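Protein chains in written order, with the UniProt record's numbering: chain A, 1 to 210; chain B, 1 to 210.
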């Protein structure tokens, strides 16, 4: 299965120009995303994606590549959208506390509204569970690095001591991923007011502790 | 696979007399535990366990039952040992903060020293991952209920307001399970001094927030 190497390719390396972002590539990737979310990764073929995108199989190969490349391109595009969404949601907020709370709200909203990962998790858990747990290393480190960078910038901007925010960032990523993996909860995380209250009450004390 | 129904049978119902705790049953379950940890659940048979325990196949069926019952008995015995270990580690401590810190240390020590769950997770992730994530409901609720009860008793004993400790208990279970599921970490959780420092620094603020 391609997911392990995809995870490493996705998150271990530097940002690249892959996937291309021209209109035809976007059309193929939109089709691939819908195909994967509907039928899972395992049973989907390049032919299925080509048909759904109303292009030829050769066009898919020329623009994106084989099936592994399609999966990688979809997940990478999703991850970039995720980062942009979260950054956009918090950019104008004045304090790190506000940005953390609204960032957490944006993360859960993104997972709800763009459910590639969550949808595949329910459709094909045997493929997605290893990618989100035992083999999550590169993706987990990328998320932690993203949040660590944001927390470090905030500390510097606010003139606070520059202690390493990695532990706090890691804990927050763990809590967030946990809600995807273990869905039974006493928190109603599909309710944005409750998500916000959760973050204020339980994430901000971790920030202070770090 | 038996794991889903096992999880429900294990954790949803009341405590029962199963498995029996006489010497012969213990001998069979010790053999089953070793068999499962070495060869996984899927490939192990009642015959394998009987041979390892040096008893007849009929004795295994009479004392414990079929393979599903063996798996259930092993996990249930492990869970009870886990609860007793954690309770023993914290019983003499004066404050809820101390009990929480040493309880977390005891949980991680138990996972390290009695690695049925962790061992099976590495040996047979396709069986164990659903049991620890999407289908973890009953086990997850049992752990949360255990910790909720302990926190509630502590609040009552210390004369503090009896607000519901369920949210804090859930968060702490989530963080603990996360270290089993996502092993890449900046924390050295095989070092007890570091585990203790982690709990003081990051779990106690959650207790105060709850």
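Backbone N, C-alpha and C define an ideal beta-carbon position, used for all residues, glycine too. Please read these numbers as outputs of a predicted model, since none were measured by experiment.
- By the neighbour-count criterion, in which a residue is buried when 16 or more other Cβ atoms sit within 10 angstroms of its Cβ, residue 62 of chain B is exposed.
- Secondary structure at residue 110 of chain B: helix, using DSSP grouped into helix, strand and coil.
- Following the DSSP letters along the chain, one finds residue 187 of chain A in no alpha helix (DSSP H), marked with neither H nor E.
- Excluding sequence positions up to five before and after residue 159 of chain A, its CB lies less than 6 Å from no other CB in the same chain.
- Distance from the Cα of residue 31 of chain A is smallest, within the candidate group A:52, A:134, A:41, for A:52.
- Burial state of residue 120 of chain B is buried, judged by a 10 Å Cβ sphere holding 16 or more other Cβ atoms.
- In this structure, B:182 is the residue among B:201, B:182, B:165, B:123 with its C-alpha nearest to the C-alpha of residue 144 of chain A.
- In this model, residue 116 of chain A and residue 175 of chain A are separated by some 20 Å (Cα to Cα).
- For residue 45 of chain B, there is no enclosing alpha helix (DSSP H), as DSSP marks it with neither H nor E.
- Contact annotation, residue 209 of chain A with residue 205 of chain B: C-beta distance approximately 5 Å; criterion of less than 8 Å satisfied.
- A check of alpha carbon separations from residue 114 of chain A across A:207, A:45, A:36, A:47 identifies A:36 as the nearest.
- With a threshold of 7 Å between beta carbons, residue 205 of chain A makes contact with chain B.
- Exclusion of the five residues before and after residue 171 of chain B leaves 206 as the residues of its chain whose Cβ lies within less than 6 Å of its Cβ.
- Between residue 125 of chain B and residue 135 of chain A, the alpha-carbon positions lie close to 11 Å from each other.
- Counting C-beta pairs with one atom in each stretch, the segment 67 to 85 of chain A and the segment 14 to 28 of chain A have three or more that are closer than 8 Å, which means they touch.
- Per DSSP, the unbroken alpha helix (DSSP H) holding residue 39 of chain A starts and ends at 23 to 39.
- If you compare the alpha carbons of B:43, B:38, B:26 with that of residue 55 of chain B, the shortest gap goes to B:26.
- Not flagged as an interface residue toward chain A: residue 82 of chain B, since no C-beta distance is shorter than 7 Å.
- When Cβ-Cβ separations below 7 Å define contact, residue 186 of chain A makes contact with chain B.
- Residue 69 of chain B: member of the alpha helix (DSSP H) spanning 67 to 90, first to last residue.
- Proximity of residue 178 of chain A to chain B, defined by a Cβ-Cβ separation below 7 Å, is satisfied.
- Residue 203 of chain B counts as buried, since no fewer than 16 other beta carbons sit within 10 angstroms of its beta carbon.
- The beta carbon of residue 202 of chain B falls within 7 Å of a beta carbon belonging to chain A, placing the residue at that interface.
- Chain-order list of chain A residues neighbouring residue 127 of chain B: empty, with the shortest C-beta distance near 10 Å, by a criterion of under 9 Å.
- Closer than 7 Å to the CB of residue 65 of chain B there is not a single CB belonging to chain A.
- Between residue 111 of chain A and residue 118 of chain A a beta carbon distance of about 5 Å is seen, short of the 8 Å cut, so the two are scored as contacting.
- For residue 25 of chain A, no CB of chain B lies under 7 Å from its own CB, so it is not counted at the interface with that chain.
- With a threshold of 16 other beta carbon atoms within 10 Å, residue 99 of chain B meets it and is buried.
- The C-alpha of residue 178 of chain A lies about 43 Å from the C-alpha of residue 58 of chain B.
- With 16 or more other Cβ atoms inside 10 Å of its own Cβ, residue 50 of chain A counts as buried.
- Annotated three-state conformation of residue 175 of chain B is helix, per DSSP.
- Taking residue 70 of chain A as reference, the option from A:28, A:123, A:139 with the minimal CA-CA separation is A:28.
- In the structure shown, residue 160 of chain A falls within a coil segment according to DSSP collapsed to helix, strand and coil.
- In the three-state scheme derived from DSSP, where H, G and I count as helix and E and B as strand, residue 57 of chain B is classed as helix.
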